[in-house]
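Asker: Numbered per UniProt numbering, the sequence shown finishes at 387, counting up by one with no gaps.
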Amino acid sequence: MGPRRTEAILAVVVTVSLAAIIALAQIDAGTPLRSLPFVFALGFGAVLLLRRGLPRTVVVLSVLGTFAYYSLDLVPIGVALPVVAALFSVAEVGLTRFAVVSGAVVFLVSTAFRIRDDSLPLGRLLGAESISTIALIAAAIALGHAVATHRRFLDQHTQLLRLQDEHLRKESERQLQHERLQLSRDLHDTLGHKLSVISLHAAVGIEAIEQGGQESSEAAKALDRVRAEAGESLSDLRSMVRLLRSEDETTRTSLGIDGIETLLEQARSMGISVSSTVGFSPGQVPSPVETVIFRVVQEGLTNVLRHASATAVSVEIGLSDDDVTVTVVDDGTGAASAATLGEESTGGHGLTGMSERVRLLGGQLSTRSAPNRGFTLHATLPRRIDS
Numbered sequence: 001m002g003p004r005r006t007e008a009i010l011a012v013v014v015t016v017s018l019a020a021i022i023a024l025a026q027i028d029a030g031t032p033l034r035s036l037p038f039v040f041a042l043g044f045g046a047v048l049l050l051r052r053g054l055p056r057t058v059v060v061l062s063v064l065g066t067f068a069y070y071s072l073d074l075v076p077i078g079v080a081l082p083v084v085a086a087l088f089s090v091a092e093v094g095l096t097r098f099a100v101v102s103g104a105v106v107f108l109v110s111t112a113f114r115i116r117d118d119s120l121p122l123g124r125l126l127g128a129e130s131i132s133t134i135a136l137i138a139a140a141i142a143l144g145h146a147v148a149t150h151r152r153f154l155d156q157h158t159q160l161l162r163l164q165d166e167h168l169r170k171e172s173e174r175q176l177q178h179e180r181l182q183l184s185r186d187l188h189d190t191l192g193h194k195l196s197v198i199s200l201h202a203a204v205g206i207e208a209i210e211q212g213g214q215e216s217s218e219a220a221k222a223l224d225r226v227r228a229e230a231g232e233s234l235s236d237l238r239s240m241v242r243l244l245r246s247e248d249e250t251t252r253t254s255l256g257i258d259g260i261e262t263l264l265e266q267a268r269s270m271g272i273s274v275s276s277t278v279g280f281s282p283g284q285v286p287s288p289v290e291t292v293i294f295r296v297v298q299e300g301l302t303n304v305l306r307h308a309s310a311t312a313v314s315v316e317i318g319l320s321d322d323d324v325t326v327t328v329v330d331d332g333t334g335a336a337s338a339a340t341l342g343e344e345s346t347g348g349h350g351l352t353g354m355s356e357r358v359r360l361l362g363g364q365l366s367t368r369s370a371p372n373r374g375f376t377l378h379a380t381l382p383r384r385i386d387s
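(1) Can you find at least 3 beta carbon pairs, one from the stretch 59–73 and one from the stretch 18–27, that sit closer than 8 angstroms?
(2) Report the three-state DSSP secondary structure of Phe88 (helix, strand or coil).
(3) Does Pro32 have its Cβ less than 8 angstroms from a Cβ in chain C?
(4) Check whether the stretch 355–365 and the stretch 307–320 touch, using three or more Cβ-Cβ pairs below 8 angstroms as the test.
(5) When the Cα atoms are used, what is the spatial distance from Arg162 to Ala41?
(6) Taking all protein chains shown into account, decide if Asp155 is buried (16 or more other Cβ within 10 angstroms of its Cβ) or exposed.
(7) State buried or exposed for Glu73, treating a residue as buried only when at least 16 other CB atoms are found within 10 Å of its CB.
(8) Does the Cβ of Leu377 have 16 or more other Cβ atoms within 10 Å, making it buried, or fewer, making it exposed?
(9) Let me confirm a value: Gln364 is counted as buried when at least 16 other C-beta atoms fall within 10 Å, else exposed. Which label applies?
(10) I'd like to know whether the C-beta atoms of Val297 and Leu381 end up nearer to each other than 8 angstroms.
(11) Checking 8 angstroms against the spacing of the C-beta atoms, do Ile293 and Val328 come in under that value?
(12) Quick one: is Glu295 buried, meaning 16 or more other Cβ sit within 10 Å of its Cβ, or exposed?
(13) If you draw a straight line from the C-alpha of Leu195 to the C-alpha of Gln159, how long is it?
(14) What is the DSSP secondary structure of Gln284, reduced to helix, strand or coil?
(15) Just confirm the distance between the C-beta atoms of Ala140 and Phe107, as a whole number of angstroms; I'd bet it's less than 8 angstroms.
(16) Do the CB positions of Phe67 and Val109 come within less than 8 angstroms of each other?
(17) In terms of residues, what are the limits of the alpha helix (DSSP H) holding residue 451?
(18) Quick check on DSSP: helix, strand or coil for Asp73?
(19) Please name the residue or residues paired with Gln159 in a DSSP beta bridge.
(20) Considering Ser269, what are the terminal residues of the beta strand (DSSP E) in which it resides?
(21) Return the residue from the list Ile209, Val197, Glu207 that minimises the CA-CA distance to Val226.
(22) Identify every residue that forms a DSSP beta bridge with Asp330.
(23) Tell me which residues share the same chain as Phe98 and place their Cβ nearer than 8 angstroms to its Cβ, disregarding the 5 neighbours each side in the sequence.
(24) Kindly indicate the opening and closing residues of the beta strand (DSSP E) around Leu365.
(25) Going by other Cβ atoms of all chains shown within 10 Å of its Cβ, with 16 needed for buried, is Thr367 buried or exposed?
(26) Just the Cα atoms here: how many angstroms apart are Val167 and Thr149?
(27) Using DSSP bridges, identify the partner residues of Ser275.
(28) Confirm, please, whether the CB-CB distance from Asp330 to Gly374 is below 8 angstroms.
(29) Who are the near neighbours of Pro282 in its chain, counting only those whose CB is closer than 8 angstroms to its CB and skipping five residues on each side?
(30) So the candidates are Glu92, Ile317, Thr133; which of them puts its Cα closest to the Cα of Ala146?
(31) DSSP three-state call for Leu50: helix, strand or coil?
(32) Assign Leu361 to one of three DSSP states: helix, strand, or coil.
(33) According to the Cβ coordinates, are Glu371 and Gly318 closer than 8 angstroms?
(34) If you draw a straight line from the alpha carbon of Gly94 to that of Glu173, how long is it in whole angstroms?
(35) Am I right that Leu301 and Leu263 are in contact with their C-beta atoms under 8 angstroms? What's the rounded C-beta distance?
(36) Is DSSP giving Pro382 helix, strand or coil here?
Written out as C-alpha cells, the structure is:
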C-alpha cells in the first residue's frame with residue numbers, strides 16, 4: 001500500500017468517526033443536526049492528508065481547529081479525538097517531544113473549555129474523563145514512537161546489509177585480484193622456464209643448420225625439442241586456465257615433489273650437470289608447501305638456463321622437525337653487478353614474485369651471488385602451515 005493511499009484511508013476513517021460521534025451527540029442532546037460540526041469533522045480528516053510531508057503543520061492546524069470548535073459552543077466530541085491522529089503522525093516521524101508538548105496543550109486548554117461549558121460534575125471531568133483523555137493521547141504518541149523506532153531499526157538493518165554486501169563485493173574483488181596475481185606468477189614461472197628451454201634448443205638448431213653437413217641431425221633433434229617444449233607450454237597454459245575454474249587438487253599433481261625430477265631432466269637435456277638431493281617423499285608436507293618448493297626449484301633452474309652460463313647445478317631439498325629448506329646452487333657467472341660474495345639480493349621479477357610466494361607461507365627467500373662465483377637461491381619454508 002502506497003503512502004498516498006494510507007493518508008487517504010486515515011483521513012476517511014477520522015472523518016467518518018468524528019461525524020458519527022457528532023451525530024450521536026446531537027441526537028442524544030435532542031438538538032437538530034447542525035452542519036458546522038460536520039464541516040469541522042471533514043476538516044480534521046482532510047488535514048491529515050498533509051501529515052507525511054508537514055507533520056508539525058498538521059498538529060498545529062488540528063490543535064487550532066479543536067480550540068475553534070469548542071469556542072463556537074458546538075456539541076462536545078471529546079478532547080483528544082480530533083488530534084489523536086495528528087499526534088501519532090508527528091511522533092511517527094521522530095518528533096516525540098513536540099508531540100508530548102502539543103498533547104499537553106490540547107488537554108489543558110480543552111479541559112478548561114469543558115469545565116466552563118460542560119454540565120458534568122467537576123470531579124468527573126478531572127477524574128475519569130481526564131484519565132481517559134490522557135490515556136488516549138499517550139497511546140497515540142507511544143504508538144507513533146514505536147513505529148518510528150521500528151522504522152529506524154529497519155533502516156539500520158538495511159544499511160547493515162548494504163555494508164555487508166559492499167564488504168563481500170570488495171572481498172570478492174580482492175580475491176579475484178589475488179587469483180590474477182597468482183596466475184601471472186604461474187605464467188611467469190612455468191612459461192618462463194619452458195620458453196627458456198625453447199630458446200636454447202632453437203639456438204642449437206640454428207647453429208647446426210648454419211654449420212650444415214653432419215650437424216643436420218642435431219638441428220633436427222633441437223627443432224624437434226622446440227616443437228615438444230612449445231606443445232608443453234601450450235598445455236601448461238591451458239592447465240592454468242582450468243586451474244582458475246576449479247580448485248581440484250588433481251590439476252596440481254605435477255606442481256609438487258613428483259614434478260621436480262622432470263625439471264631436472266629438462267636441465268640435463270641442455271647439457272648441464274645436475275645433482276639433486278630430496279630428503280623426503282611426496283605427502284610429508286602440505287600441498288601448498290610442495291607447490292612452492294616446486295616453484296623455487298623451477299625459478300632456480302630457469303635463472304640457470306637464462307642467465308648463468310653454468311655447467312653444473314646442485315639442488316638440495318631438506319626436511320627438519322620444523323622447516324623445509326630448498327637450495328639451488330650453480331657454478332655460473334653470478335650477478336652482473338659488483339656485488340661481493342654473501343651480499344643479499346632479491347632482484348628480478350621472477351625472484352620478487354617467488355619471495356612473495358614464500359613469505360605468504362611464513363618462510364623466507366634469499367639469494368647470494370658474486371661475479372664469476374655462481375648464484376645461490378635458498379628458501380626456508382615451515383613444515384606445517386596454519387589451516
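The C-beta atom is built at its ideal place from N, Cα and C for all residues, glycine as well.
Answerer: According to the structure shown:
(1) no
(2) As a working mapping, residue 88 is identified with position 88 in the sequence shown. Three-state result, Phe88: helix.
(3) You won't find chain C in this structure, because it holds only one protein chain.
(4) no
(5) Locating residue 162 in the sequence shown gives position 162, where the first residue counts as 1. Locating residue 41 in the sequence shown gives position 41, where the first residue counts as 1. Straight-line Cα distance between these residues: approximately 45 angstroms.
(6) The residue labelled residue 155 in the question sits at position 155 within the sequence shown. Exposed, since its Cβ has fewer than 16 Cβ neighbours within 10 Å.
(7) Counted from its first residue, the sequence shown places residue 73 at position 73. Position check: residue 73 holds Asp in this sequence, whereas Glu was assumed. Asp73 should be labelled exposed.
(8) As a position in the sequence shown, residue 377 is number 377, starting the count at 1. Buried, by the Cβ-count rule.
(9) Mapped onto the sequence shown, residue 364 falls at position 364. Classification of Gln364: exposed, given that the 10 Å Cβ count is below 16.
(10) Residue numbering aside, residue 297 sits at position 297 when the sequence shown is read from its first letter. Residue numbering aside, residue 381 sits at position 381 when the sequence shown is read from its first letter. Cβ distance not < 8 angstroms, so Val297 and Leu381 don't count as in contact.
(11) The residue given as residue 293 occupies position 293 in the sequence shown. The residue given as residue 328 occupies position 328 in the sequence shown. No, the Cβ-Cβ distance between Ile293 and Val328 is not below 8 angstroms.
(12) Within the sequence shown, the letter at position 295 stands for residue 295. According to the sequence as given, residue 295 is Arg; it is not Glu. Burial call: buried.
(13) The sequence position of residue 195 within the sequence shown is 195, counting from 1. The sequence position of residue 159 within the sequence shown is 159, counting from 1. Each residue's Cα considered, the two are about 52 angstroms apart.
(14) Stepping through the sequence shown from its first residue, residue 284 is reached at position 284. Coil, per DSSP.
(15) Counted from its first residue, the sequence shown places residue 140 at position 140. Counted from its first residue, the sequence shown places residue 107 at position 107. With 8 angstroms as the limit, Ala140 and Phe107 do not qualify as a contact, their Cβ atoms being about 12 angstroms apart.
(16) By 1-based counting over the sequence shown, the position of residue 67 is 67. By 1-based counting over the sequence shown, the position of residue 109 is 109. It is a contact, given that the beta carbons lie within the stated cut-off.
(17) Lying before the first or after the last residue shown, residue 451 is absent from the chain, which here runs from 1 to 387.
(18) One-based indexing of the sequence shown puts residue 73 at position 73. Looking at Asp73 - three-state DSSP - the assignment turns out to be coil, as it is neither helix nor strand.
(19) Locating residue 159 in the sequence shown gives position 159, counting from the first residue. Answer is none; Gln159 lacks a bridge partner.
(20) Taking the first residue of the sequence shown as position 1, residue 269 is located at position 269. From DSSP, Ser269 is part of no beta strand (DSSP E) but of the alpha helix (DSSP H) over 257–269.
(21) Taking the sequence shown and counting its residues from 1, one reaches residue 226 at position 226. When only C-alpha atoms are compared, the closest one is Val197.
(22) Within the sequence shown, numbered from 1, the residue matching residue 330 stands at position 330. In DSSP, Asp330 forms a bridge with Val313, Phe375.
(23) Reading the sequence shown from its first residue, position 98 is the one you call residue 98. Cβ neighbours of Phe98 beyond the five flanking positions: Arg56, Val59, Val90.
(24) Residue 365 sits at position 365 when you count from the first residue of the sequence shown. First-last of the beta strand (DSSP E) with Leu365: 364–369.
(25) Residue numbering aside, residue 367 sits at position 367 when the sequence shown is read from its first letter. Its Cβ being crowded by 16 or more others within 10 Å, Thr367 is buried.
(26) The residue labelled residue 167 in the question sits at position 167 within the sequence shown. The residue labelled residue 149 in the question sits at position 149 within the sequence shown. Checking the displayed sequence, the identity of residue 167 turns out to be His instead of Val. Distance between the alpha carbons of His167 and Thr149: 27 angstroms.
(27) Counted from its first residue, the sequence shown places residue 275 at position 275. Ser314.
(28) Counting from 1 along the sequence shown, the entry for residue 374 is found at position 374. Counting from 1 along the sequence shown, the entry for residue 330 is found at position 330. Yes.
(29) For the purposes of this step, residue 282 is taken as the residue at position 282 of the sequence shown. These residues qualify, in order along the chain: Gly256, Ile257, Asp258, Glu290.
(30) Taking the sequence shown and counting its residues from 1, the one referred to as residue 146 is at position 146. Comparing Cα positions, the closest option is Glu92.
(31) Here the question's residue 50 lines up with position 50 in the sequence shown. Three-state DSSP puts Leu50 in a helix.
(32) Taking the first residue of the sequence shown as position 1, residue 361 is located at position 361. In this structure, Leu361 counts as coil in the three-state DSSP scheme.
(33) By one-based count along the sequence shown, residue 371 stands at place 371. By one-based count along the sequence shown, residue 318 stands at place 318. The question names Glu, but residue 371 in the sequence shown is Pro. The answer is no: Cβ separation not under 8 angstroms.
(34) Numbered from 1 along the sequence shown, position 94 holds the residue referred to as residue 94. Numbered from 1 along the sequence shown, position 173 holds the residue referred to as residue 173. Their Cα atoms are separated by approximately 39 angstroms.
(35) Here residue 301 corresponds to residue number 301 of the sequence shown, with the count starting at 1. Here residue 263 corresponds to residue number 263 of the sequence shown, with the count starting at 1. Indeed they touch by this definition, with Cβ atoms about 6 angstroms apart.
(36) Taking the sequence shown and counting its residues from 1, the one referred to as residue 382 is at position 382. Three-state result, Pro382: strand.
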